[in-house]
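For reference, the structure is listed below as structure tokens.
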Amino acid sequence: MKIDSYISYKKESIKKRSDTLIITPIYLNYEMLAKHLELLSKQTSQNFDVVLVLNVVTDEKRVEKVINKQKREYGITIVKRKEDNGSSGGFFVGEFYALENNYSLVIYAEDDCLPEDKDLISDTINSSRKNGFGVPVV
Numbered sequence: 001m002k003i004d005s006y007i008s009y010k011k012e013s014i015k016k017r018s019d020t021l022i023i024t025p026i027y028l029n030y031e032m033l034a035k036h037l038e039l040l041s042k043q044t045s046q047n048f049d050v051v052l053v054l055n056v057v058t059d060e061k062r063v064e065k066v067i068n069k070q071k072r073e074y075g076i077t078i079v080k081r082k083e084d085n086g087s088s089g090g091f092f093v094g095e096f097y098a099l100e101n102n103y104s105l106v107i108y109a110e111d112d113c114l115p116e117d118k119d120l121i122s123d124t125i126n127s128s129r130k131n132g133f134g135v136p137v138v
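Position 50, counted from 1, in the sequence shown is what this note's numbering calls 50; the numbers after and before it change by one each time, with no gaps.
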């Protein structure tokens, strides 16, 4: 099965640049999304991509406006689900995206999970690769 059977909308803002993907389900929380993306852009390493998995009621045009207001070096894609099945459904759709795009490491992040530590992503990636923690996608 392909991701297209689960989504009604897809837009890549920046093409894939990494083998690490951060999956973030979004549900009407535009201000928190802006803060989340701002903190991601301040990470010491920008060697990751982000897929924002929108709920059926979340306005993709409004999400695009949030994204376009920020400078970033990481790749970002927006997908919108066809069905409302909670944040776990958002992670499920994100996993399909990761598999279809050959990511080797996935980081799950709720939109209100703020990466305030500037080394959080690089430390997570390094620890996952060194110790075998995290969620590899095979």
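Note that the Cβ used here is the ideal one computed from N, Cα and C, for glycine as well.
- Note on geometry: alpha-carbon atoms of I121 and S5 lie some 30 angstroms from one another.
- Judged by DSSP secondary structure, K61 falls within the alpha helix (DSSP H) whose first and last residues are E60 to N68.
- When Cβ pairs closer than 8 angstroms are counted between the two stretches, the segment 86-106 is seen not to touch the segment 28-44, the count staying below three.
- In this structure, E64 lies near K11, with their beta-carbon atoms less than 8 angstroms apart.
- When the Cα atoms are used, K69 and A109 turn out to be separated by approximately 21 angstroms.
- S13 has its alpha-carbon roughly 6 angstroms from the corresponding atom of T77.
- Rounded to whole angstroms, G86 and I22 show a C-alpha spacing of 17 angstroms.
- Shown here, K35 sits in a helix according to DSSP, grouped into three states.
- Exclusion of the five residues before and after N47 leaves S18 as the residues of its chain whose Cβ lies within less than 6 angstroms of its Cβ.
- With fewer than 16 other CB atoms across the displayed protein chains lying within 10 angstroms of its CB, R62 is exposed.
- The shortest C-alpha to C-alpha distance from T24 to any of T124, K71, S88 and K118 is the one to S88.
- Rounded to whole angstroms, the gap between the alpha carbons of L39 and D49 is 14 angstroms.
- Taking C-beta atoms under 8 angstroms as the contact rule, D119 and T44 qualify, at a distance of about 5 angstroms.
- By DSSP's assignment, P25 forms a beta bridge with V53.
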